[in-house]
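Whatever position you read off the first sequence (first residue = 1), add 16 for our numbering.
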Amino acid sequence: MALELKLYDTMTRTVQPLWAEDGEHFRFYCCGPTAHGPAHIGNFRAFLVQDVLRRTLEIVGLKPMHVRNLTDVDDKTIRGSRSEGKNLRGFTRQWIEQFHRDAEALNMLAPHREPRATDHIDQQIGLAGQLIENDLAYVARDGSVYFKVSAYPEYGKLSRLGEREISTQETTSAGRRNEADEYDRESISDFALWKSRKPEDGDNFWDSPWGQGRPGWHLECSAMSRHYLGDGIDLHAGGIDLCFPHHENEIAQCEGATGKRFARHWFHNAHLQVEGQKMSKSLGNLYTLADLTEKGYSPMEVRYALISGHYRQPMNFTLASLQSSRSALKRLEKAIEAHLDGSGMSKEEFKALAAPPFPTEWGLFEEAWRGLANDLNVSRALGGIFTGLARMAKANPGAVAPENDLKALAGIFYALGIELYHSGGETPAIVPEELQCLARERWQAKQDKDWAKADLLRKRLLAGGWQVRDRKDGYDLIPNST
RNA sequence: GGCGCGGUAGCCAAGUGGUAAGGCCGAGCUCUGCAAAAGCUCUAUACGUCGGUUCGAUUCCGACCCGCGCCUCCA
17 MALELKLYDT MTRTVQPLWA EDGEHFRFYC CGPTAHGPAH IGNFRAFLVQ DVLRRTLEIV
77 GLKPMHVRNL TDVDDKTIRG SRSEGKNLRG FTRQWIEQFH RDAEALNMLA PHREPRATDH
137 IDQQIGLAGQ LIENDLAYVA RDGSVYFKVS AYPEYGKLSR LGEREISTQE TTSAGRRNEA
197 DEYDRESISD FALWKSRKPE DGDNFWDSPW GQGRPGWHLE CSAMSRHYLG DGIDLHAGGI
257 DLCFPHHENE IAQCEGATGK RFARHWFHNA HLQVEGQKMS KSLGNLYTLA DLTEKGYSPM
317 EVRYALISGH YRQPMNFTLA SLQSSRSALK RLEKAIEAHL DGSGMSKEEF KALAAPPFPT
377 EWGLFEEAWR GLANDLNVSR ALGGIFTGLA RMAKANPGAV APENDLKALA GIFYALGIEL
437 YHSGGETPAI VPEELQCLAR ERWQAKQDKD WAKADLLRKR LLAGGWQVRD RKDGYDLIPN
497 ST
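Shown next as structure tokens:
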């Protein structure tokens, strides 16, 4: 039975089966991060959802070719590098490295290609030139190059925004006036392919047929997508905010240059709110991964929380949701551990099951797989895991689980990118010597059945911030988090 | 104003034209000197409001209310 994966497509607003046009690789491109600071969890929601897609594509045998760019030249990176007195390359490198560390901690698979904008200036210049040749772009007086939206009738088809609406956007929602003539644009709706050199760019400029300057942001994705994946890719992904104008512009650039459809499928994820509010710096609720690990949450708990809602549904991220994720993960680990013990399988062996060849029959976890295969419904998949485990426990009183069920379960976890028995992250805190002393005294008192003394010492330890947790043959001290 | 999304039990969150997955929290029990941990069991008159279609709607249609997003080189 061939596995099928269906996904909602923004262009047609329908759920469509995914397939590889060239029959060999599923070519998909994701708009990556801008390397100007640490990525926040909103960024990671997008990348994690894409990671789940990538993994699920592998399972259905579509052999993904995953490209995700790094934006290392734009207003923010230039501004940041100049204010830190670094060159652009050095400035962006530190944030790219940080991004990679975070991505790895979150168990994201590395894309097969991760091109930087500044390594592909030639391709971008070439694309802009092609658009000029096709009379879809023009050179302004200052040497900037603009895409002429009015010359491209299909503009706006993705976001279903007619050209009339775009060109009448004289004021923004913030009430600010759009100043068209500041940039020598012919029309307010035209966007920059190439920006002529400005003093505030510092030494960040490149030569082009139109003079020195730098590429416009939208151009890099079009150019690099074509360069690495060819024309007519299978899928293009990004946050819903990129739908307009970024993806609209990418379509105009690619299809205007080649006359071929840019991407067959558009995959957008909804945004993240934090504690019921839009995430923003001014509200102080813009979490990075480091912010959350400092609060004691593990990256795996963050991953679980960020993928647990359906990707097209706006998600309200809260600290409570992280706590909930922690409990759920613990429960999964305990439940599976019981089956592994019963089956004589080690945790490592279980983890190793999460590899090709992936199952085509999902047994007890059919529902979980259906969730994934049907528009990446992670909520449904998680529900399927829990009910599957409950049935497994009922069906196997001796806790001996059939290997194919464990294999299916491991496959589901692979798709979700959830790695169990890994959620650690809590560094074993050092217990102060005097408290260790108290703990030893309490243990002794307990052996002597001096309950009053034992209880008193327990209280003192708690006051010192440590909980005593007795085992059969000893005790543990754990930090009193609450 | 244009385009779009959502309102399901204390919280989070799936889903369906025929009386609603799952997780968290909570409760009870087991275990335990106590506490915790763990396991088991369980709870709840939950589908924004008002109409319409229908034998029957939470699920379809319409209106309305409320919340949110984009329209600003934000994932």
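Yeah, the Cβ is synthetic: ideal placement off N, Cα and C, and Gly gets one too.
If you're wondering where the values come from, they're calculated on a predicted model, not measured in any experiment.
Could you tell me whether any non-hydrogen atom of the ligand ATP is closer than 7 Å to the CB of residue i?
i: His281; result: Ligands displayed in this structure: none; no statement on the ligand ATP is therefore possible.
Quick check: the Cα distance between residue i and residue j, rounded to an integer number of angstroms?
i: Met331; j: Asp257; result: 14 Å
i: Gln339; j: Arg71; result: 26 Å
i: Thr274; j: Pro169; result: 15 Å
i: Phe402; j: Arg396; result: 10 Å
i: Met81; j: Leu251; result: 10 Å
i: Ser343; j: Arg129; result: 36 Å
i: Glu382; j: Gly254; result: 29 Å
i: Gly53; j: Ile434; result: 26 Å
i: Leu422; j: Gly77; result: 20 Å
i: Ile75; j: Leu209; result: 38 Å
i: Phe221; j: Arg132; result: 15 Å
i: Arg474; j: Glu364; result: 37 Å
i: Val318; j: Ser241; result: 30 Å
i: Ile323; j: His287; result: 12 Å
i: Trp233; j: Leu380; result: 47 Å
i: Gly272; j: Gly248; result: 13 Å
i: Gln463; j: Gly480; result: 22 Å
i: Glu450; j: Lys367; result: 41 Å
i: Pro448; j: Asp471; result: 20 Å
Buried or exposed, going by whether 16 or more other CB atoms sit within 10 Å of the CB of residue i?
i: Ser160; result: buried
i: Gln564; result: The structure shown does not extend to residue 564, since the chain spans only 17 to 498, so no value can be given for it.
i: Trp467; result: exposed
i: Asp90; result: buried
i: Arg105; result: exposed
i: Leu478; result: exposed
i: Ser97; result: buried
i: Ser189; result: Bear in mind that the predicted position of Ser189 carries a pLDDT of just 36, short of 50, making it unreliable; the figure below should be weighed with that in mind. The residue in question, Ser189, is exposed, as its Cβ has fewer than 16 Cβ neighbours within 10 Å.
i: Val68; result: buried
i: Asp88; result: buried
i: Cys453; result: exposed
i: Gln460; result: exposed
i: Val31; result: exposed
i: Thr443; result: Note on Thr443: pLDDT 49, under 50, position unreliable in the model; the coordinate value appears next. Exposed: under 16 other Cβ atoms inside 10 Å.
Note the first and the last residue of the continuous alpha helix (DSSP H) segment covering residue i.
i: Gln110; result: Leu104 to Ala121
i: Gly312; result: No alpha helix (DSSP H) contains Gly312, which DSSP labels as neither H nor E.
i: Ala368; result: Lys363 to Ala368
Considering only DSSP beta bridges, list what residue i is partnered with.
i: Gln289; result: Lys294 and Asn332
i: Trp482; result: Pro495
i: Pro131; result: Paired residue(s): none; Pro131 is not in a bridge.
i: Tyr24; result: Val31
i: Ala153; result: Phe163
i: Thr304; result: His56
i: Asn393; result: None; Asn393 has no bridge partner.
Span of the beta strand (DSSP E) holding residue i?
i: Val165; result: Careful: Val165 lies outside any beta strand (DSSP E) and carries neither H nor E.
Item checked: Start-end ranges of the beta strand (DSSP E) lying completely within the segment 38 to 100, minimum 3 residues -> 42 to 46 and 80 to 84
Next item on the list: Could you pull out every unbroken alpha helix (DSSP H) segment of at least 4 residues lying fully inside the segment 402 to 468, listed in chain order?
Entry: 419 to 432 and 449 to 463
Check: Of all the beta strand (DSSP E) runs that stay within the bounds of the segment 208 to 290, which reach a length of 3 or more residues?
Finding: 229 to 231, 251 to 255, 282 to 285 and 288 to 290
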